[in-house]
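First up is the structure itself, then whatever we jot down about it.
There are 2 protein chains.
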Amino acid sequence: MTADMEIPAPRRTRIQQEKRELILEAALEVFSTSGFRGSTIDQIAEAAGMSKPNLLYYFRRKEDIHETLMQRLLDTWLAPLRELDDIGDPLTELRSYIRRKLEMARDFPRESRLFANEILQGAPRIMPMLEGELKTLVDEKAAVIKGWMRAGKIASTDPWHLIFSIWATTQHYADFDVQVRAVLGPDRGGDGRFEDAARFLEQLFIDGLKPKI
Amino acid sequence: MTADMEIPAPRRTRIQQEKRELILEAALEVFSTSGFRGSTIDQIAEAAGMSKPNLLYYFRRKEDIHETLMQRLLDTWLAPLRELDDIGDPLTELRSYIRRKLEMARDFPRESRLFANEILQGAPRIMPMLEGELKTLVDEKAAVIKGWMRAGKIASTDPWHLIFSIWATTQHYADFDVQVRAVLGPDRGGDGRFEDAARFLEQLFIDGLKPKI
DNA sequence: GCAAATTTTGACCGATTGGACAAACGTTAG
DNA sequence: CTAACGTTTGTCCAATCGGTCAAAATTTGC
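If you read the sequences in order, they're chains C and H. Sequence positions in the first sequence follow this note's numbering and run 1 to 213. Sequence positions in the second sequence follow this note's numbering and run 214 to 426.
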């Protein structure tokens, strides 16, 4: 839909495409654990298996890498919310939204942390997008949810804060992963923790949102 | 209780006490928005209104400032959970725990972000504390909550993930503050957003946790 | 008031940072 | 094969980094 926004999309050779992907993959790893200012071009270059000048041949500035990474991230990151559909059973829609968001936290934790890092630092590079595209999308979906509430399909509450709480609880398992694993310990903190989380969140949100008769 | 753990607690002059506080206040501001690696001694010194060598007279290394800040933070940060009491009505206890956590997100957002930054980057400096003190405390309180569930006082669910979800939803309003404000917009994103959040979270957790008859 | 102790400063250091650049090396099309 | 183009590298640079140090300025104890 709104994809492929790396705007001028200049023609690129095969090698350029491959190496740029390699760099972005390495940069995701580095940026997501150290933040923008805490990461160095050398670290990214080493993680990508190339020299610093070589990396700078593909991305002229450190910021360009981060910007490209962010642009790609945002579309896929908001995809689950975009899919939240007016048609279809409300509780089912919400349940699968929560499930999809939790799966993203499990399968793309680095993307989640990259995003969290950016927001934590005041979102200097994506503020316009938050106030524009994101706000529009959330307002739109909040209206859908509000419709469900007025129709008595789900319990009445604040749709915006409902969305926030879904973001918070699901992304928590990516952003605070080390804490979750440390607290759960070696036994309960293994691979099963995401299924436990899924069960818990379904109970919390879905049972909690069932219409009160 | 477990306070005042700046271990050797060397004798300090009046000036030392004041200046150290000034530095810690400035460092909290800087660290919480840029992370450890992303912050410089110069930034902290400037925020504290003193020269870099002067700052280094009070804290010999950058890490010492961060460490002191962390030690102070952790005790106050976990205080609300420590207060969760076996005696007293379960739903009331949980309600006030949630309220206290949300108040902390409102009143000490920088502390929340400092903590989030540390965890995001893999908790290199506080890992032992997570696996030790924190895990012990959470296990203890999870047992209390489990007792309430067995007694039929609250709905049965996973106590650990319940605690995680309370952390996630409340701290979200500090850590992701810019996003929350951007999405809510100038009107709904004002000072009232914490009261809206409090109402929403109470409904989500308390109504959701009422025992099913 | 004065000597000792504490606090502040400017100058400086080696290491690391983001980035420039020309030369060397590969690849590819004709 | 070769000329043009794309890729890679080593070297270098100015700025910034965390931190030192001796000397100057200030505060403190008597």
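Note that the Cβ used here is the ideal one computed from N, Cα and C, for glycine as well.
- Between the C-alpha atoms of Leu343(H) and Leu184(C) there is a straight-line separation of about 10 Å.
- Proximity to Ile278(H) across Val357(H), Leu291(H), Ile358(H) and Leu235(H) peaks at Leu235(H), based on C-alpha coordinates.
- Residues of chain C with a Cβ closer than 8 Å to the Cβ of Gln392(H) are, in chain order, Ile119, Ala123, Leu130 and Leu134.
- Residue ranges of uninterrupted alpha helix (DSSP H) with 4 or more members, entirely inside the stretch 59-86 of chain C and ordered along the chain, are 62-83.
- Going by DSSP, Leu414(H) is part of the alpha helix (DSSP H) stretching over Arg406 to Glu415.
- The residue from Trp290(H), Ala395(H) and Asp420(H) with its alpha-carbon nearest to that of Ala155(C) is Asp420(H).
- For the options Arg312(H), Trp373(H), Asp320(H) and Asp255(H), the alpha carbon positioned closest to that of Glu415(H) is the one of Arg312(H).
- Taking C-alpha positions only, Pro159(C) is separated from Ala116(C) by approximately 22 Å.
- Here DSSP, grouped into helix, strand and coil, assigns Asp302(H) to coil.
- The residue from Lys265(H), Thr281(H) and Tyr270(H) with its alpha-carbon nearest to that of Glu238(H) is Thr281(H).
- By the Cβ test, the stretch 166-179 of chain C is in contact with the stretch 112-126 of chain C, since at least three Cβ pairs between them sit closer than 8 Å.
- Residues of the stretch 67-92 of chain C with a Cβ closer than 8 Å to any Cβ of chain H: none.
- Taking C-beta separations shorter than 6 Å and ignoring five residues to either side along the sequence, Met127(C) has no partners in its chain.
- The beta carbon of Phe321(H) is closer than 7 Å to none in its chain, skipping five residues each way along the sequence.
- If you compare the alpha carbons of Thr382(H), Thr349(H) and Arg394(H) with that of Phe418(H), the shortest gap goes to Thr382(H).
- With respect to the 8 Å criterion, Tyr271(H) and Arg233(H) are classified as neighbours on the basis of their beta carbons.
- Counting other Cβ atoms within 10 Å of its Cβ, Gln334(H) reaches 16 or more and is therefore classed as buried.
- Residue nearest to Ser378(H) within the set Glu140(C), Ala198(C), Ile15(C) and Ile145(C) is Ala198(C) (criterion: CA-CA distance).
- The C-alpha of Val351(H) is placed about 15 Å away from the C-alpha of Glu306(H).
- In the three-state scheme derived from DSSP, where H, G and I count as helix and E and B as strand, Asp420(H) is classed as helix.
- The DSSP-derived three-state label of Pro337(H) is coil.
- Neighbourhood of Ala197(C) in chain H, by CB distance below 7 Å: His374, in chain order.
- Distance from Pro90(C) to Lys141(C) at the Cβ level is roughly 12 Å; contact not present, criterion being Cβ atoms closer than 8 Å.
- DSSP places Gly398(H) in the uninterrupted alpha helix (DSSP H) bounded by Asp390 to Arg401.
- With a threshold of 8 Å between beta carbons, Gly262(H) makes no contact with chain C.
- Annotation: Cβ neighbours of Gly38(C) in chain H (cutoff 7 Å, chain order): Gly248, Arg250 and Gly251.
- Under the three-pair Cβ rule at 8 Å, the stretch 355-364 of chain H does not count as touching the stretch 289-296 of chain H.
- Not a single CB atom of chain C sits nearer than 8 Å to the CB of Leu237(H).
- The C-beta of Ala105(C) comes no closer than 8 Å to any C-beta of chain H.
- For the 8 Å CB-CB criterion, Gln384(H) and Ser325(H) form a contact.
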